[in-house]
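J.:
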């Protein structure tokens, strides 16, 4: 099992920035892709960004140019730097990791962007 603990969510004004963190623990050997998804009220969960073990990144079109994903393999932590936030970014953000064919999810952290 892999446990994921997210932090860094909160309330921010439009145009502001937030940095989310997600620390993995437990059976963390062989973790490959790490990433973030989000779920806004009344909408399906969508992938925001992913990063592989060798740091290849992928971003949703809606966040390209405003969001940067990074990871610290030694700390088994993945980060999501979000800049120039808009109210449309308001959602619960979930950390996710892929290990040996299984996707593990964090409990989610709320991000609210006020206009």
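Residue numbers (this note's numbering): 280 to 394.
For each residue, glycine too, the CB sits at the ideal point set by N, CA and C.
This structure is a prediction, so every number in the text was calculated from the model and none was measured.
Could you say which of 394, 392, 375, 390 lies nearest to residue 304 if we only look at CA atoms?
T.: Here residue 304 refers to the residue found at position 25 of the chain shown. The option with the nearest alpha carbon to residue 304 is 375.
J.: Looking at the unbroken beta strand (DSSP E) that takes in residue 317, where does it start and where does it end?
T.: Residue mapping note: residue 317 aligns to position 38 of the chain shown, counting from 1. Its beta strand (DSSP E) spans residues 310–318.
J.: For residue 378, count neighbouring Cβ atoms within 10 angstroms of its own Cβ and tell me buried if that reaches 16, exposed if not.
T.: To locate residue 378, count along the chain shown from 1; it is residue 99. With 16 or more other Cβ atoms within 10 Å, it is buried.
J.: Please classify residue 354 as buried or exposed, where buried requires at least 16 neighbouring CB atoms within 10 angstroms.
T.: The residue labelled residue 354 in the question sits at position 75 within the chain shown. Exposed, since its Cβ has fewer than 16 Cβ neighbours within 10 Å.
J.: Residue 285 and residue 371: beta carbons closer than 7 angstroms?
T.: Taking the chain shown and counting its residues from 1, the one referred to as residue 285 is at position 6. Taking the chain shown and counting its residues from 1, the one referred to as residue 371 is at position 92. No, these two residues do not count as a Cβ contact at 7 angstroms.
J.: Does the beta-carbon distance from residue 310 to residue 330 come in below 7 angstroms?
T.: Position 31 of the chain shown, counting from 1, holds the residue named residue 310. Position 51 of the chain shown, counting from 1, holds the residue named residue 330. The answer is no: Cβ separation not under 7 angstroms.
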